[in-house]
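Below is one structure; the comments refer to it alone.
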Amino acid sequence: MDRKYRINQAYAYLLSKGMVKDKKDVAVKMGYKSEKPSNIYSAFGGNEKYLTDDFLLRFNNAFGNIFDSHWLRGEGNEELRLAGHEEKPSRSSGVPFFADLPVTGGSVMQYNDIKEFSTASSFNLPFTRTAEFSFPVIGCSMQPTVKEGDIVGVSHIDGLESCNPDRIYLIITRDNERMIKRINKYDRENNCIWLVSDNPQYEPFPIYLDNIIDVYKVVWKISFETM
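According to our numbering, the stretch in the sequence shown is residues 3 to 229, in order.
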C-alpha cells in the first residue's frame with residue numbers, strides 16, 4: 003500500500019488536532035536540528051529513500067505512538083487507524099475531504115482552522131486518488147478556470163523549480179495563509195515567485211521564498227451545476 007498516502011493522512015490528522023502547525027513543527031518534534039530538513043519534505047513527497055521504516059518509527063514516536071504502526075507501514079486497508087483501534091472492514095477509502103477548509107481563489111484565508119479530520123468525508127472516484135487532500139474553493143480570482151464552490155484535489159511537490167505556469171498551485175505561507183494561484187515566474191535574483199490569478203481583475207504579486215512552507219499542485223477539480 004502507498005506509504006505516501008498514509009503519512010500524509012497522519013499529517014492531516016495532526017493538523018486537525020492542533021498538534022502541529024506545519025512540517026517545520028514535525029521536524030522539530032522528530033528531533034531534526036535544521037529548520038527545514040530536506041528529508042522531511044522528501045519523505046512526505048513519497049521518496050522511498052527517506053520514507054523508510056526507521057523514519058515512520060521516528061515519526062510515530064515523536065507523537066506518542068498515536069498511530070497504529072502496522073497501518074503506518076502500509077499493512078491493512080488505507081483508512082486512518084490510531085493505535086489501539088481495531089481495523090475497520092475495508093470500504094475502499096477515498097481522498098480526505100475537508101468541507102470546512104476552504105482554499106481561496108481570492109483573499110487569503112488562515113491555514114490553521116482545519117476542523118475535525120475524518121476519512122468518512124472523502125471522494126472515492128478513480129481519478130481522485132491522484133490527490134492527497136481535497137477541499138472547497140471560495141473567492142473568484144481564479145475564475146473562469148476554478149469557480150467559487152468548486153472542489154479541488156492537491157498533491158504535494160518537493161520544489162519550485164518544476165512549477166509550470168500552465169498549472170495551478172496551492173501555496174501555504176509561514177503567516178498561516180493559503181491561496182491557489184498560478185506560479186508565473188521564479189525570480190531567483192529577488193528570491194521570490196510571482197503569483198498570478200486567472201481573473202484579470204486581480205493583479206499579479208510576488209511572495210518571498212522564505213515565507214513559503216509548502217506548495218501543492220492542483221491535480222483535479224469538481225464543479226457542480228444545479229439541474
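The beta-carbon is built from N, C-alpha and C at its ideal position, and this holds for glycine as well.
Computed from a predicted structure; not experimentally measured.
CB contact flag (residue i, residue j, <8 Å)
i	j	result
Val139	Val154	yes
Lys19	Ile215	no
Leu53	Arg75	no
Span separating the alpha-carbon of residue i from that of residue j
i	j	result
Pro167	Ile174	18 Å
Asp55	Asn67	14 Å
Ser40	Gly47	11 Å
Ala12	Val28	11 Å
Asp200	Met144	5 Å
Tyr7	Glu134	6 Å
Gly161	Ser44	10 Å
Asn192	Asp212	11 Å
Phe65	Lys31	8 Å
Sequence-distant residues of the same chain with beta carbon closer than 6 Å to residue i, five excluded per side
i	result
Trp73	Arg83
Asp152	Val139, Lys223, Ser225
Thr147	Asp200
Sequence-distant residues of the same chain with beta carbon closer than 8 Å to residue i, five excluded per side
i	result
Phe207	Trp196, Leu197
Cys194	Pro208, Ile209, Tyr210, Leu211
Asn10	Phe46, Glu134, Phe135, His158
Three-state secondary structure (DSSP) of residue i
i	result
Leu211	helix
Arg251	This structure cannot speak to residue 251, because the chain is shown only from 3 to 229.
Leu16	helix
Asn192	coil
Thr132	helix
Sequence-distant residues of the same chain with beta carbon closer than 7 Å to residue i, five excluded per side
i	result
Lys219	Val156, Ser157, Ile159, Arg169, Tyr171
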